[in-house]
Amino acid sequence: MNYEQARMFLDEIRTSGSVYGLESIRGLMARLGNVQEQLSVIHVAGTNGKGSVCAMLAAVLQAAGYRTGVYASPAVFEPEEIIKVDGSAISQEAFAGFASRVQAACMDMQKEGLPHPTVFEVETAIAFCYFKTEKCDVVVLETGLGGAQDATNLLLHPLCSVLTSISMDHMELLGRTLVEVAAAKAGIMKAGSPCVSAVQQKAAEAVLKNAAAEKGVVLHMADSSCIGSFTYDGEKSLFEAEVCGSKKVHGRLGLSGACQKENLACVLEVIRVLTERGLRITQEAMLEGLAKVRLPGRFEKLSSEPDFYMDGAHNAGAAYFLRETVRSCLAGRKIVYIIGVFADKEYEKLLQIMLADAAQVFTVTPRHARALDGKKLAQLAEKLHPKVTFVPDLMQAAELAVQAAGREGAVLAFGSFSYLGELKAEWGRARESRQK
4 MNYEQARMFL DEIRTSGSVY GLESIRGLMA RLGNVQEQLS VIHVAGTNGK
54 GSVCAMLAAV LQAAGYRTGV YASPAVFEPE EIIKVDGSAI SQEAFAGFAS
104 RVQAACMDMQ KEGLPHPTVF EVETAIAFCY FKTEKCDVVV LETGLGGAQD
154 ATNLLLHPLC SVLTSISMDH MELLGRTLVE VAAAKAGIMK AGSPCVSAVQ
204 QKAAEAVLKN AAAEKGVVLH MADSSCIGSF TYDGEKSLFE AEVCGSKKVH
254 GRLGLSGACQ KENLACVLEV IRVLTERGLR ITQEAMLEGL AKVRLPGRFE
304 KLSSEPDFYM DGAHNAGAAY FLRETVRSCL AGRKIVYIIG VFADKEYEKL
354 LQIMLADAAQ VFTVTPRHAR ALDGKKLAQL AEKLHPKVTF VPDLMQAAEL
404 AVQAAGREGA VLAFGSFSYL GELKAEWGRA RESRQK
């Protein structure tokens, strides 16, 4: 199987949708030798902040000298970026090779009358096999959706479980209340393995504490008060924090935005727990990793004059943090939004939270089967804002937004990760051609 055939294999099974549960992934990994049980895994679930927390942890572990695998989605630019070792994505050749192995196991399942694993289960299996072959010391593994029934949750003995900020998302699968969603996320807790939680809403925190008590799990709640000061400028963050009970240290974080303070507090607590479990992470390695960390699509700056940012915020929890970031970093400037969303998200709440700070709004339709028609989004936005325009072409929307903002203003594209990769690539090419 070559790379093109591997991608065709995944595209074919992608059309069959997803199945929530562990039976299929267990059967698949059993046929692949259950290699996941030979890995030291930090398992990360939550609604918002998973990508940032995974990126920070991986950067710190790598700086500490550990060969580090990361499995995190969605891909923003290239499909292979969801599987990385020491910051480098799996090669197309390696991807094809492992896809061939996994496909053979899938065919064996079908011969036995079992359903074919989903695309996420196949990608998860590829990741496990790759990390084992690459002899990773530690793997940072992000759930795809939820916790208890997520394909990544077949792990029996994670090094540590991590729960980032929990809010309402994927309600059709996880539950219609915060308590139900938190209970689903808490499903990644495993007896004998510590769990670290970010700062949570009271109802979610109570659910996590009850789940930990029932399972005999030691739950460590991160405390953002360990961070004495936290400032950000749209490209980086500066912080002062108390680390592992030591004196306060000053550091730089390669990620920016209001949400990163709570994410950082969570990461610092995870580092403390990992050192208690025997990992060697010095203060110098921690500060080096945090300074070097980068993550696409998290208040990422694409260009200047006007400042052009993109962010993957797509639910109410993320929108509140993004609004705080906008008001801090872009105060007093003419701000123009580009918004594209999925139809199964709480886009009306997203609009209610974000639109008050916009001078003008352009809506688009992401290239995805789950996308909400940008015309419908514009009709809803018009009820909250006087200057809303639907633009059928993404690059045209970007050009119009830049013109509307003016050189001293700012543009912010958000609502879904699904179109940010296309936007960054196309906008970069357009800027290059103008400079020639």
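When the letters of the sequence shown are read in order and numbered with the numbering used here, they come out as residues 4 to 439. Glycine residues also receive a C-beta, built at the ideal position from the N, C-alpha and C atoms.
Exposure of residue i, with buried meaning 16 or more beta-carbon neighbours within 10 Å
i      : result
Thr368 : buried
Ser91  : exposed
Arg301 : buried
Gln406 : exposed
Ser228 : exposed
Val221 : exposed
Gln363 : buried
His317 : buried
Glu265 : buried
Glu145 : buried
Lys390 : exposed
Gly36  : exposed
Ala130 : buried
Lys378 : exposed
Met192 : buried
Gln382 : exposed
Gln263 : buried
Glu15  : exposed
Gln286 : exposed
Residue i versus residue j - alpha carbon distance
i      : j      : result
Gln8   : Ala319 : 39 angstroms
Val184 : Arg437 : 48 angstroms
Ala58  : Gly52  : 10 angstroms
Arg10  : Val79  : 16 angstroms
Val329 : Met289 : 28 angstroms
Asp360 : Val394 : 20 angstroms
Glu217 : Pro77  : 32 angstroms
Tyr312 : Leu333 : 11 angstroms
Val88  : Ser55  : 17 angstroms
Glu48  : Leu353 : Before going further, note that residue 48 is Ala rather than Glu in the sequence given. C-alpha separation (whole angstroms): 22 angstroms.
Ala214 : Ala186 : 8 angstroms
Glu238 : Leu159 : 39 angstroms
Ile169 : Gly335 : 31 angstroms
Val210 : Gly195 : 19 angstroms
Ala128 : Lys188 : 21 angstroms
Cys198 : Ala33  : 26 angstroms
Lys212 : His371 : 38 angstroms
Gln106 : Phe242 : 47 angstroms
Segment limits, beta strand (DSSP E) that includes residue i
i      : result
Thr71  : Thr71 to Tyr74
Tyr312 : Asp310 to Met313
Leu241 : Ser240 to Glu245
Gly252 : Looking at the sequence itself, residue 252 is Val, so the reference to Gly does not match. Counting along the chain, the beta strand (DSSP E) containing Val252 begins and ends at Lys251 to Leu256.
Tyr340 : Ile338 to Ile342
Leu358 : Note, Leu358: premise wrong, no beta strand (DSSP E); not H, not E.
Gly418 : Gly418 -> no beta strand (DSSP E), and no H or E assigned at all.
Met224 : Leu222 to Met224
Ile191 : Here Ile191 belongs to no beta strand (DSSP E), and DSSP marks it neither H nor E.
Ile86  : Ile86 to Val88
Ile45  : Val44 to Ala48
Lys304 : Glu303 to Ser306
Integer Cβ distance of residue i from residue j, believed to fall under 8 angstroms
i      : j      : result
Lys138 : Arg70  : 7 angstroms
Gly315 : Phe420 : 4 angstroms
Ser306 : Arg434 : 6 angstroms
Ser259 : Asp226 : Not really, about 22 angstroms apart at Cβ, beyond 8 angstroms.
Gly254 : Lys295 : Incorrect: roughly 11 angstroms between the Cβ atoms, too far for contact.
Gly292 : Ala75  : No, Gly292 and Ala75 are not in contact; Cβ-Cβ is about 16 angstroms, not under 8 angstroms.
Ala384 : Leu358 : 6 angstroms
Glu126 : Tyr6   : Actually they do not touch by this definition, with Cβ atoms about 14 angstroms apart.
Boundaries of the alpha helix (DSSP H) in which residue i is found, first to last residue
i      : result
Lys390 : Unbroken run through Lys390: none, as it is neither H nor E.
Thr470 : Residue numbering for the chain in the displayed model covers 4 to 439; residue 470 lies beyond these limits and cannot be assessed.
Phe365 : Looking at the DSSP string, Phe365 is not in any alpha helix (DSSP H); the run it does join, the beta strand (DSSP E), is Gln363 to Thr366.
Met289 : Gln286 to Lys295
Thr234 : Element bounds for Thr234: not the alpha helix (DSSP H) but the beta strand (DSSP E), Ile230 to Tyr235.
Cys332 : Ala319 to Cys332
Leu267 : Gln263 to Glu279
Val142 : No alpha helix (DSSP H) holds Val142; the beta strand (DSSP E) holding it covers Val141 to Glu145.
Cut-off 6 angstroms between Cβ atoms - residues of its own chain near residue i, not counting five sequence neighbours on either side
i      : result
Leu157 : Leu25, Ile28 and Arg29
Leu181 : Ala206 and Ala207
Ala408 : Pro309, Lys337, Val339 and Val414
Tyr422 : Gly343 and Pro369
Ile93  : Glu83, Ile86 and Tyr133
Arg17  : Val122
Sequence-distant residues of the same chain with beta carbon closer than 7 angstroms to residue i, five excluded per side
i      : result
Ala401 : Ile341, Leu426 and Trp430
Tyr1   : The requested residue 1 does not occur in the structure, where the chain is confined to residues 4 to 439.
Glu124 : Ser27, Ile28, Leu31 and Ala154
Ile274 : Val63, Ile284 and Met289
Leu380 : Ile342, Val344, Tyr350 and Thr366
Gly100 : none
Nonlocal neighbours in the same chain, by C-beta distance under 8 angstroms from residue i, ignoring five residues either side
i      : result
Ser331 : Tyr235 and Ala261
C-beta neighbour in chain D for residue i, strict 7 angstroms
i      : result
Pro197 : The displayed structure is made up of one protein chain only, and chain D is not part of it.
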